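**Student:** Structure incoming, see below.
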Amino acid sequence: MSPCCHKNSEKIYLEEFQQAALQHIEACLEKLFPESHMPYQSLFDAARYSLLGGGKRIRPLLSLAVI
Numbered sequence: 114m115s116p117c118c119h120k121n122s123e124k125i126y127l128e129e130f131q132q133a134a135l136q137h138i139e140a141c142l143e144k145l146f147p148e149s150h151m152p153y154q155s156l157f158d159a160a161r162y163s164l165l166g167g168g169k170r171i172r173p174l175l176s177l178a179v180i
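Heads up: the sequence shown is residues 114 to 180, going by the numbering used here.
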């Protein structure tokens, strides 16, 4: 296999892993922080917004990659 093809196959595997892992991470976060109505709702909403916003998934992704 040429180095070019090998890199492409690794890239495809990495993209598939990333997609599956991110779906798993998002599902877990949604389960842990569901929308709800509770005391201190504005504080809960702020924490949920911060946690569920995009761009913060590299650490969990790397953690899943080494398991």
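From the three backbone atoms N, C-alpha and C, an ideal C-beta is built for every residue, glycine too. Since we're looking at a predicted model, the values are computed, not measured.
Restricting to Cα atoms, I'd like to know which of V179, P152 and R170 is closest to C141.
**Tutor:** What you label residue 141 is simply residue 28 of the sequence shown in a count that begins at 1. Checked all of V179, P152 and R170; the closest Cα to C141 is R170.
**Student:** Give me, in chain order, the residues of the same chain whose beta-carbon lies closer than 8 Å to that of L135; leave out the 5 immediate sequence neighbours on both sides.
**Tutor:** Here residue 135 refers to the residue found at position 22 when the sequence shown is read from its first residue. R170 and L174.
**Student:** On a CA-only basis, which of H137, E143, Q131 and I180 is nearest R161? Give me that one, please.
**Tutor:** Indexing the sequence shown from 1 puts residue 161 at position 48. Cα-wise, what sits closest to R161 is E143.
**Student:** According to DSSP, is H201 part of a helix, a strand, or is it coil?
**Tutor:** Not covered by the structure: residue 201. The range shown for the chain is 114 to 180.
**Student:** Is R161 helix, strand or coil by DSSP?
**Tutor:** Numbered from 1 along the sequence shown, position 48 holds the residue referred to as residue 161. Three-state result, R161: helix.
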